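Going by UniProt numbering, the final residue of the sequence shown carries number 111, and the count climbs one at a time with no gaps. The block underneath contains the structure these notes are about, expressed in structure tokens.
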Amino acid sequence: MSDSSFTIRTHRASLSKKEIREKVAQLYKTTPDLVFCFGFNTNFGGGKSSGFALIYDTLDFAKKFEPRYRLARQGVVEPKKTARKQRKERKNRMKKVRGTKKAAVKDAKKK
């Protein structure tokens with residue numbers, strides 16, 4: 001795994017993350033699916049974008065270390081969809097317990 005903070009200069013207002021991922025992959029001689037970009041700042045008026053990228057050796061390493069939301073953004077995993085009511089009920093059950101017991105309540109399945 002390699003990490004990098006970088007600046008990309010363009011003649012456009014801003015680049016999409018997909019384009020940035022492709023440029024970084026080309027720069028480090030890897031494939032775009034192993035590059036995870038985040039934390040961008042675009043200068044006012046455009047022309048320069050700076051951000052961070054993590055480059056993994058394999059997709060398995062990326063799945064192991066990368067947060068689930070970033071994997072979902074890139075389309076590696078499907079985001080889990082739970083019903084809104086279920087999320088609220090779980091939140092309220094967790095409010096009734098303290099400390100490490102919250103994890104047990106969070107992961108509890110209905111019998």
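Glycine included, C-beta positions come from ideal geometry on N, C-alpha and C. Small disclaimer: the values here were computed from a predicted structure and weren't measured.
Assigned secondary structure, residue i (DSSP; H/G/I helix, E/B strand, else coil)
{"i": "residue 40", "result": "strand"}
{"i": "residue 35", "result": "strand"}
{"i": "residue 48", "result": "strand"}
{"i": "residue 73", "result": "helix"}
{"i": "residue 53", "result": "strand"}
{"i": "residue 9", "result": "strand"}
CA nearest to the CA of residue i, picked from the options
{"i": "residue 21", "options": "101, 92, 55, 47", "result": "55"}
{"i": "residue 73", "options": "11, 16, 29", "result": "16"}
{"i": "residue 89", "options": "70, 13, 109", "result": "109"}
Under 7 Å between C-beta atoms of residue i and residue j
{"i": "residue 81", "j": "residue 94", "result": "no"}
{"i": "residue 36", "j": "residue 78", "result": "no"}
{"i": "residue 24", "j": "residue 62", "result": "no"}
{"i": "residue 51", "j": "residue 40", "result": "yes"}
Bounding residues of the alpha helix (DSSP H) (the contiguous stretch that carries residue i)
{"i": "residue 15", "result": "Unbroken run through residue 15: none, as it is neither H nor E."}
{"i": "residue 107", "result": "101-107"}
Inter-residue spacing [alpha-carbon to alpha-carbon] between residue i and residue j
{"i": "residue 60", "j": "residue 34", "result": "10 Å"}
{"i": "residue 44", "j": "residue 105", "result": "46 Å"}
{"i": "residue 98", "j": "residue 38", "result": "34 Å"}
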